[in-house]
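A short write-up of the structure that comes next.
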Amino acid sequence: MKLTSNDKEVLAGFVLMLFGVYFIWTSAMIKGEEEFFESAGIFPLIVSGIFTLLSAIHMCVSLFKGGHPTVDKISISIRLMLKNEGFREVMLAIGIVALYIFVGATFVSIYLAGAILIFGILRGFVRRIRLVVSLAVTCGLVAAMYLVFTVMFKMPII
Amino acid sequence: MDSLIQIFSQLLSPYGLLIISSGVAVGIFGGALPGISSTMTVALVATLTYSMDPLWAIMFLAATQVGSTYGGSISAVVLNIPGTPASAPTAIEGYQLAKKGEAEKALSINVVSSFAGNTVGVILLLLVMPVMLRLAMLFGPWEMFWFAMFGLMICAKLSRAHFLKGLLAACFGLLLSLVGVDPIWGVPRFTYGSTYLMDGIGLVPAMVGLFGMSEVFSSLKDCKYGQINLKGASLFQFAAWAKFKWMSLRASVLGFIIGVVPGVGANIACWIGYDHALSFSREKEKFGHGTIEGLVGSESANNACVPGAYAPLLVLGVPGDSVTAVVLGILTIHGVQVGPNFLRNNPEFLYELAGALFMSGVLFLLIGTIIGRGIVKVLTAPLPAIMAVVIVLCVIGAYSVNLQILDVYVMFFFGILGLIMRELKFPTAPLILGIVLGGELADGNFRRALMAGKGSFEPFLTRPISSVMVALLLIILFMEFIWPLIQTYWRKRKEADPTR
Numbered sequence: 042m043k044l045t046s047n048d049k050e051v052l053a054g055f056v057l058m059l060f061g062v063y064f065i066w067t068s069a070m071i072k073g074e075e076e077f078f079e080s081a082g083i084f085p086l087i088v089s090g091i092f093t094l095l096s097a098i099h100m101c102v103s104l105f106k107g108g109h110p111t112v113d114k115i116s117i118s119i120r121l122m123l124k125n126e127g128f129r130e131v132m133l134a135i136g137i138v139a140l141y142i143f144v145g146a147t148f149v150s151i152y153l154a155g156a157i158l159i160f161g162i163l164r165g166f167v168r169r170i171r172l173v174v175s176l177a178v179t180c181g182l183v184a185a186m187y188l189v190f191t192v193m194f195k196m197p198i199i
Numbered sequence: 053m054d055s056l057i058q059i060f061s062q063l064l065s066p067y068g069l070l071i072i073s074s075g076v077a078v079g080i081f082g083g084a085l086p087g088i089s090s091t092m093t094v095a096l097v098a099t100l101t102y103s104m105d106p107l108w109a110i111m112f113l114a115a116t117q118v119g120s121t122y123g124g125s126i127s128a129v130v131l132n133i134p135g136t137p138a139s140a141p142t143a144i145e146g147y148q149l150a151k152k153g154e155a156e157k158a159l160s161i162n163v164v165s166s167f168a169g170n171t172v173g174v175i176l177l178l179l180v181m182p183v184m185l186r187l188a189m190l191f192g193p194w195e196m197f198w199f200a201m202f203g204l205m206i207c208a209k210l211s212r213a214h215f216l217k218g219l220l221a222a223c224f225g226l227l228l229s230l231v232g233v234d235p236i237w238g239v240p241r242f243t244y245g246s247t248y249l250m251d252g253i254g255l256v257p258a259m260v261g262l263f264g265m266s267e268v269f270s271s272l273k274d275c276k277y278g279q280i281n282l283k284g285a286s287l288f289q290f291a292a293w294a295k296f297k298w299m300s301l302r303a304s305v306l307g308f309i310i311g312v313v314p315g316v317g318a319n320i321a322c323w324i325g326y327d328h329a330l331s332f333s334r335e336k337e338k339f340g341h342g343t344i345e346g347l348v349g350s351e352s353a354n355n356a357c358v359p360g361a362y363a364p365l366l367v368l369g370v371p372g373d374s375v376t377a378v379v380l381g382i383l384t385i386h387g388v389q390v391g392p393n394f395l396r397n398n399p400e401f402l403y404e405l406a407g408a409l410f411m412s413g414v415l416f417l418l419i420g421t422i423i424g425r426g427i428v429k430v431l432t433a434p435l436p437a438i439m440a441v442v443i444v445l446c447v448i449g450a451y452s453v454n455l456q457i458l459d460v461y462v463m464f465f466f467g468i469l470g471l472i473m474r475e476l477k478f479p480t481a482p483l484i485l486g487i488v489l490g491g492e493l494a495d496g497n498f499r500r501a502l503m504a505g506k507g508s509f510e511p512f513l514t515r516p517i518s519s520v521m522v523a524l525l526l527i528i529l530f531m532e533f534i535w536p537l538i539q540t541y542w543r544k545r546k547e548a549d550p551t552r
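Here it is as structure tokens:
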């Protein structure tokens, strides 16, 4: 059996609670020479405490509603998710964007890599579009962005 | 009078007209494109304002916001996809009207109702500002802190998700806002030795990531729309709206009030307006099957909300909605610290902004009726193609704030975070509001208040305005957490013993 929505909520509450505990610990570590009530760590400590408390409430409410995540349920859900076409499409989208940002925009150029990205997406995701049209659309769009940001507004973007 | 003439001559100058009309046009276009919300449109065009004067920058952004709030209704009618979340009720009624062959009527009702809502909103903004300004002068750090908390609480409550999830998102936003050097003592918090994090998490990269990139991730696949084609009828039909002018006025007032409440915004105002139209309608059964009243209520309210959202921003520096949160971020980049003192010293700022908002309304009335058909044609572009452009714009938008590639990485991280939050049905608006309100307004005022009270928490509860705010917050918490439990208890008791 895969994870139900209540199971997911329990897991989400648990993960958030861990984050909350970590934030409490980090906030308590913020050192200052001033009084406690004046210190830089007091507000983060209070907010982290509230965050942890709310996460715990969220987890408990989901548990009371019947949430009971088990290792079996989690592994089945992961396997089903990996087979899901929608999930693969989202992962593909994230991969494409990551490639553009971490490789293209970082090492090549925002515009040039952008042109490759737009052309690739037009060819890969849009059905029934001719090669010449995709090329023309890509060049037109990138040229328009270059004109607006770099020429008109003089932003040092390359 | 002289200054009024000066303001209008400035707004009607070629540069003023260019700024406002281009803001409106970009806004309509962005708002009309499915998946591109008002916040995203404003966050993307914010890049263009860095080289502008702060006043022109805010006018350009306000014009974009007005344009996009209206623009969202176009795709709602023609494609049954709300261009912005604030057009969701418009899609319910408008698309049904369009299917009946009345697409032009629906579009014209939208444009006139939006104009009416915007105009009423601007008038109310000018009327309430002096009162709000006087009230704001009574606010000390205690009240400012509670006001920030109140904004977060309302945003969490009305974000159309589970209240607890809204609160969690708001708290997470607050924690993220605390990253960086503490503004009072200069102590680094949550920076982990990184010099980049010393300046805190950039608001623009966070917004562009949460609202823009996360949308891209979930929409980058070919979609088929049930598009409606327009016939030759006029896109300006005043008479159809005039039948519901009083209802439009009431919905506009409601929309404005929603706008003034911090952190709520047009996404909620549209439903309040729609609900108001439904409550007062004599033909309730027609709702959901294409009714003009529903359109008038929703569009009047969401457009009146826009000027309303600027009231708390200008008076207290607290954004009325997520779009004005972006505007606040841009003003901060320009070195403008809005608040009561700023407005007292620069009263022309309010009048210029109100003038720009009004002119934006006039311009979208013209643009909407003249080039409405052209915009509908553009909507036939495949969604992946639109999203490809959005990806590049997101990267440019995040990069151009500080010309740092690390900002782009932060934007990407927030895109993933937004996607996860969407999957788990956590609202993103409270998170952004938490980031906006956390640093200076919540943390800064909280500690200033503690120092002023020599470590005492008592003034937080005993000062008159503070105590009212605390009472309101407690009522909200009671209604959300305790009241449902009491109701369940009584229901169970009644079920167990029906004679009671």
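Heads up: the protein sequence lines correspond to chains L and U, in order. Residue numbers 42 to 199, in the numbering used here, belong to the letters of the first sequence in order. Residue numbers 53 to 552, in the numbering used here, belong to the letters of the second sequence in order. Ideal Cβ placement from N, Cα and C applies to all residues, glycine included.
Reduced DSSP category for residue i - H, G, I as helix; E, B as strand; rest coil
i, result
"residue 274 of chain U", "Residue placement at residue 274 of chain U is flagged as unreliable, the pLDDT there being 47, under the threshold of 50; the coordinate-derived value follows with that caveat. It is coil, neither helix nor strand."
"residue 241 of chain U", "strand"
"residue 122 of chain L", "helix"
"residue 59 of chain L", "helix"
"residue 390 of chain U", "coil"
"residue 232 of chain U", "strand"
"residue 102 of chain U", "coil"
"residue 536 of chain U", "helix"
"residue 370 of chain U", "coil"
"residue 136 of chain U", "coil"
"residue 314 of chain U", "coil"
"residue 205 of chain U", "helix"
"residue 359 of chain U", "helix"
"residue 545 of chain U", "helix"
"residue 335 of chain U", "coil"
"residue 193 of chain U", "helix"
"residue 80 of chain L", "coil"
"residue 65 of chain L", "helix"
"residue 328 of chain U", "helix"
"residue 218 of chain U", "helix"
Start and end residues, alpha helix (DSSP H) containing residue i
i, result
"residue 416 of chain U", "399–430"
"residue 130 of chain U", "106–131"
"residue 502 of chain U", "497–504"
"residue 146 of chain L", "Here residue 146 of chain L belongs to no alpha helix (DSSP H), and DSSP marks it neither H nor E."
"residue 511 of chain U", "510–514"
"residue 169 of chain L", "That residue, residue 169 of chain L, is in no alpha helix (DSSP H); it is neither H nor E in DSSP."
"residue 81 of chain U", "66–84"
"residue 186 of chain U", "155–188"
"residue 96 of chain U", "90–97"
"residue 249 of chain U", "Counting along the chain, residue 249 of chain U falls outside any alpha helix (DSSP H), and DSSP gives it neither H nor E."
"residue 196 of chain L", "Unbroken run through residue 196 of chain L: none, as it is neither H nor E."
"residue 88 of chain L", "83–105"
Residue j beta carbon less than 9 Å from that of residue i
i, j, result
"residue 95 of chain U", "residue 449 of chain U", "yes"
"residue 347 of chain U", "residue 165 of chain U", "yes"
"residue 351 of chain U", "residue 102 of chain U", "no"
"residue 443 of chain U", "residue 88 of chain L", "no"
"residue 48 of chain L", "residue 114 of chain L", "yes"
"residue 392 of chain U", "residue 188 of chain U", "yes"
"residue 416 of chain U", "residue 167 of chain U", "yes"
"residue 136 of chain U", "residue 116 of chain U", "no"
"residue 160 of chain U", "residue 81 of chain U", "no"
"residue 183 of chain L", "residue 155 of chain L", "yes"
"residue 262 of chain U", "residue 194 of chain L", "no"
"residue 242 of chain U", "residue 179 of chain L", "no"
"residue 396 of chain U", "residue 190 of chain U", "no"
"residue 231 of chain U", "residue 252 of chain U", "yes"
"residue 269 of chain U", "residue 131 of chain L", "yes"
CB-CB length for residue i against residue j, believed under 8 Å
i, j, result
"residue 342 of chain U", "residue 152 of chain U", "6 Å"
"residue 304 of chain U", "residue 407 of chain U", "With 8 Å as the limit, residue 304 of chain U and residue 407 of chain U do not qualify as a contact, their Cβ atoms being about 19 Å apart."
"residue 472 of chain U", "residue 228 of chain U", "Going by Cβ atoms, the distance from residue 472 of chain U to residue 228 of chain U rounds to 15 Å, so no, they are not a contact pair."
"residue 216 of chain U", "residue 98 of chain L", "7 Å"
"residue 296 of chain U", "residue 360 of chain U", "Their Cβ separation, rounded to whole angstroms, is 21 Å, which puts residue 296 of chain U and residue 360 of chain U out of contact at 8 Å."
"residue 426 of chain U", "residue 373 of chain U", "With 8 Å as the limit, residue 426 of chain U and residue 373 of chain U do not qualify as a contact, their Cβ atoms being about 29 Å apart."
"residue 109 of chain U", "residue 382 of chain U", "6 Å"
Original post:
Hey, which unbroken runs of the alpha helix (DSSP H) at 4 residues or more fall wholly within the stretch 428–495 of chain U?
Top reply: 435–454, 457–475 and 481–489
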